[in-house]
Amino acid sequence: MLELDDIQHLALTRVPALAGRYEFLTFASGDGGRAWLSAMVDRVSSAAEARRSMSTEHGWVTLAFTWTGLRALGVPERSLATFPEEFRQGMAARASILGDTGLEHPDHWVGGLAGDDLHAIAILFARDDAERARCVQAHDRLVAGCAGVTVLSSLDVGAVPPLEYAHDHFGYRDRLSQPVIEGSGEQPTPGSDAPIKAGEFILGYPDEEGPPVELPQPEVLSRNGSYVAYRRLEEHVGRFRDFLADHTETPEEQELLAAKLMGRWRSGAPLVLAPEKDDPDLGADMRRNNDFDYKRMDPYGYAAPLGSHIRRMNPRDTAVNVRRRRLIRRGATYGPHLPEGAPEDGAERGIAAFVLCASLVRQFEFVQNVWVNDKTFRELGNERDPIIGNQDGTLEYKIPKRPIRRTIKGLPAFTTLRGGAYFFMPGLRGLRYLCTRTDSEVAP
0 MLELDDIQHL
10 ALTRVPALAG
20 RYEFLTFASG
30 DGGRAWLSAM
40 VDRVSSAAEA
50 RRSMSTEHGW
60 VTLAFTWTGL
70 RALGVPERSL
80 ATFPEEFRQG
90 MAARASILGD
100 TGLEHPDHWV
110 GGLAGDDLHA
120 IAILFARDDA
130 ERARCVQAHD
140 RLVAGCAGVT
150 VLSSLDVGAV
160 PPLEYAHDHF
170 GYRDRLSQPV
180 IEGSGEQPTP
190 GSDAPIKAGE
200 FILGYPDEEG
210 PPVELPQPEV
220 LSRNGSYVAY
230 RRLEEHVGRF
240 RDFLADHTET
250 PEEQELLAAK
260 LMGRWRSGAP
270 LVLAPEKDDP
280 DLGADMRRNN
290 DFDYKRMDPY
300 GYAAPLGSHI
310 RRMNPRDTAV
320 NVRRRRLIRR
330 GATYGPHLPE
340 GAPEDGAERG
350 IAAFVLCASL
360 VRQFEFVQNV
370 WVNDKTFREL
380 GNERDPIIGN
390 QDGTLEYKIP
400 KRPIRRTIKG
410 LPAFTTLRGG
420 AYFFMPGLRG
430 LRYLCTRTDS
440 EVAP
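Mapping to numbering that gives the first Met the number 0: the sequence shown position 18 is 17, numbers consecutive.
As structure tokens, then:
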């Protein structure tokens, strides 16, 4: 059974937050960092608590730490050495593996996210702007009273209008395809595959291959924890709209092209089930909008192109070992909404996302390297993910069509990585263990 009272809520629940702030912190003093954590830990909601208070609570806190942050808090060296290499190195050091090159290289990241002095993140989700302001003020007061604790940077996030459903700045409906974790109490919707073993996402439980192995030590720190890959992706909304207009003749063709890039209409309706015309009712229906496969229903990509975003992020029945590659996605949009028809205003806007998993290499890095940025994915050649892939203007996008497929050359970058980091999100017992460390400890 999952220990829902120890797992931080972010791993298992989506809270009804319309606003939030991400605070990125550094600890110049271990005592100051532990004082900050000791004051914050009681504000962190477990999955069980978040579910009980979902209708009444107004704010939710999640805490996670980089490898250097765990060291700053006093985790002994022999314990630090038991964490996997990719986490110890950090995301910036893995840039070439992830395809974070050119304008997406860590040299261009903002907010201090590429440096070793990034130690922690406090994710403050709020039901509304007023609650966010209250949470931020309370956190500011706490940080001011903890010697050596500094906020390197922060990012306000909030829902994009219209607020009836979650969507990004491009207008695509979000939160449509998530794995269901065995033991979480959730049931998969039709077409969403059977529940996946908890150990694929949360440390200390069996995964798809068997019992847990090689967990970081001590167990009190690692059990019920998850690795978190943070990605801040700027969305170039004006560029995206111009691209659609430049490559089509009518508004209807624009919407179809947008759907071909994603694999779904912006309403959320999958092209496999609605190949010619949008079906907003289908897009909004969670009992139907994931009830499809590729091998039987669209093997050649005539509906959803083989290189479309959703086919890369979850190839379903057209790739091997998919259940060991799945990811839990959380996060929110940031930046001002750009109304339809408005010219580009130069403001930064995008998605600030968290990807949760039990193995950064097997899950996040594999998906990023092989499915997102590999130009030979599905033997396509000279393509990357059209939405989040690293585009430099030299690649193309192919749309299968009878009798002749359409090839768009020189695909521009619709998103740009503005920052990222690898964090470890302990369980609540793990957080309290960190509060008890001292700078002079030499044993776990």
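Beta carbons: idealized from backbone N, C-alpha and C, even for Gly.
Query - With 16 other Cβ atoms within 10 Å as the buried cut-off, status of L69 - result: It counts as buried.
Query raised in the report: By DSSP, does H8 sit in helix, in strand, or in coil?
Result: Helix.
Query raised in the report: For the putative contact between R20 and L154, defined by C-beta atoms under 8 Å, what is the C-beta separation to the nearest angstrom?
Result: Taking a contact as a CB-CB distance under 8 Å, the pair R20 and L154 counts as one, their CB atoms being some 7 Å apart.
Query raised in the report: Can the beta-carbon of A268 be found less than 8 Å from the beta-carbon of N289?
Result: Cβ distance not < 8 Å, so A268 and N289 don't count as in contact.
Query raised in the report: Who are the Cβ neighbours of Q177 in its own chain at under 7 Å, not counting the five residues just before and after it?
Result: I327, R328.
**Report entry** Neighbourhood of L162 by C-beta distance below 8 Å, restricted to the same chain and skipping five residues each side
**Finding:** Excluding positions up to five away in sequence, the list reads L17.
**Report entry** Cβ-Cβ distance between L214 and G349 below 8 Å
**Finding:** Not in contact: L214 and G349 (Cβ atoms no closer than 8 Å).
Query - For E233: DSSP bridge partner residues - result: Residue pairing by DSSP places E233 opposite G349, T415 in a beta bridge.
Query raised in the report: Any idea which residues DSSP pairs V371 with across the strands?
Result: V371 is not bridged to any residue.
Query raised in the report: For W59, which residues does DSSP report across the bridge?
Result: Paired residue(s): F124.
Report task. Decide if A258 is buried, meaning its Cβ has at least 16 other Cβ atoms within 10 Å, or exposed. Result -> A residue is called buried when at least 16 other Cβ atoms come within 10 angstroms of its Cβ; A258 meets this threshold and is buried.
**Report entry** Proximity winner among P15, P205, A125, N223, relative to L427 (alpha-carbon distances)
**Finding:** Taking only the C-alpha atoms, the option nearest L427 is N223.
**Report entry** Whole-angstrom C-beta distance between L62 and A121, which should lie under 8 Å
**Finding:** About 6 Å separates the two Cβ atoms, so the contact holds.
Query raised in the report: Skipping 5 residues on each side, what residues in its chain have a beta carbon closer than 7 Å to that of L256?
Result: Once the five neighbours on either side are set aside, the close Cβ partners of L256 are L243, H246, T247.
Requested in this report: Count the other C-beta atoms from every protein chain shown that fall within 10 angstroms of the C-beta of A460, then say buried if there are 16 or more, exposed otherwise.
Outcome: Coverage of the chain is limited to positions 0 through 443, which leaves residue 460 absent and any answer about it impossible.
Query - Validate contact between the stretch 336 to 347 and the stretch 191 to 210 using beta carbons, cut 8 Å, 3 pairs - result: Output reads no: the stretch 191 to 210 does not touch the stretch 336 to 347.
Query - K400, buried or exposed, once every other Cβ within 10 Å from all chains shown has been counted against 16 - result: Exposed: under 16 other Cβ atoms inside 10 Å.
Query - Selection from N381, F363, A302 that minimises the alpha carbon distance to V321 - result: When each option's Cα is compared against that of V321, the closest is F363.
**Report entry** Q367 burial status per 10 Å Cβ neighbour count (16 or more: buried)
**Finding:** With 16 or more Cβ atoms within 10 Å of its Cβ, Q367 is classed as buried.
Query raised in the report: Got a sec? Which residues, its chain only, sit under 7 Å from G111 by beta carbon, not counting five neighbours each side?
Result: So the list reads F23, L117, L151, S152, once near-sequence residues are dropped.
Query raised in the report: For D99, does the count of other Cβ atoms within 10 angstroms reach 16, so buried, or fall short, so exposed?
Result: Counting C-beta atoms within 10 angstroms of its own C-beta, D99 has 16 or more neighbours from the protein chains shown and is therefore classed as buried.
Query raised in the report: Do L359 and F86 have their C-beta atoms within less than 8 Å of each other?
Result: Yes, the Cβ-Cβ distance between L359 and F86 is below 8 Å.
Requested in this report: Verify whether the separation of the beta carbon atoms of H168 and V236 is less than 8 Å.
Outcome: The Cβ atoms of H168 and V236 lie closer than 8 Å to each other.
Report task. Kindly list the residues whose CB is nearer than 6 Å to the CB of V271, restricted to its own chain and excluding five residues on each side of it in sequence; keep chain order. Result -> Non-local C-beta neighbours of V271 in its own chain, meaning closer than 6 Å and more than five positions away in sequence, comprise F291, M296, D297, A302, A303, ordered along the chain.
Report task. Just the C-alpha distance for R33 and F422, rounded to the nearest angstrom, thanks. Result -> When rounded, the distance between both Cα atoms is 17 Å.
Query raised in the report: How long is the line joining the alpha carbons of A442 and G157, rounded to whole angstroms?
Result: The predicted model places A442 with a pLDDT of 41, which falls under 50 and marks its position as unreliable, so this point remains unresolved.
Query raised in the report: Can you give, in chain order, each stretch of the beta strand (DSSP E) that sits fully within the stretch 15 to 67 and has at least 3 residues?
Result: Counting only runs of 3 or more, we get 18 to 26, 58 to 64.
Report task. Write down the C-beta distance between M424 and L9 rounded to the nearest angstrom, noting that I regard them as a contact closer than 8 Å. Result -> Contact flag correct, Cβ pair sits at about 7 Å.
Query raised in the report: So what does E395 bridge to, in DSSP terms?
Result: Answer is K408, bridged to E395.
Query raised in the report: Excluding the five sequence neighbours on either side, which residues of its own chain have a C-beta within less than 6 Å of the C-beta of R315, listed in chain order?
Result: D292, Y293.
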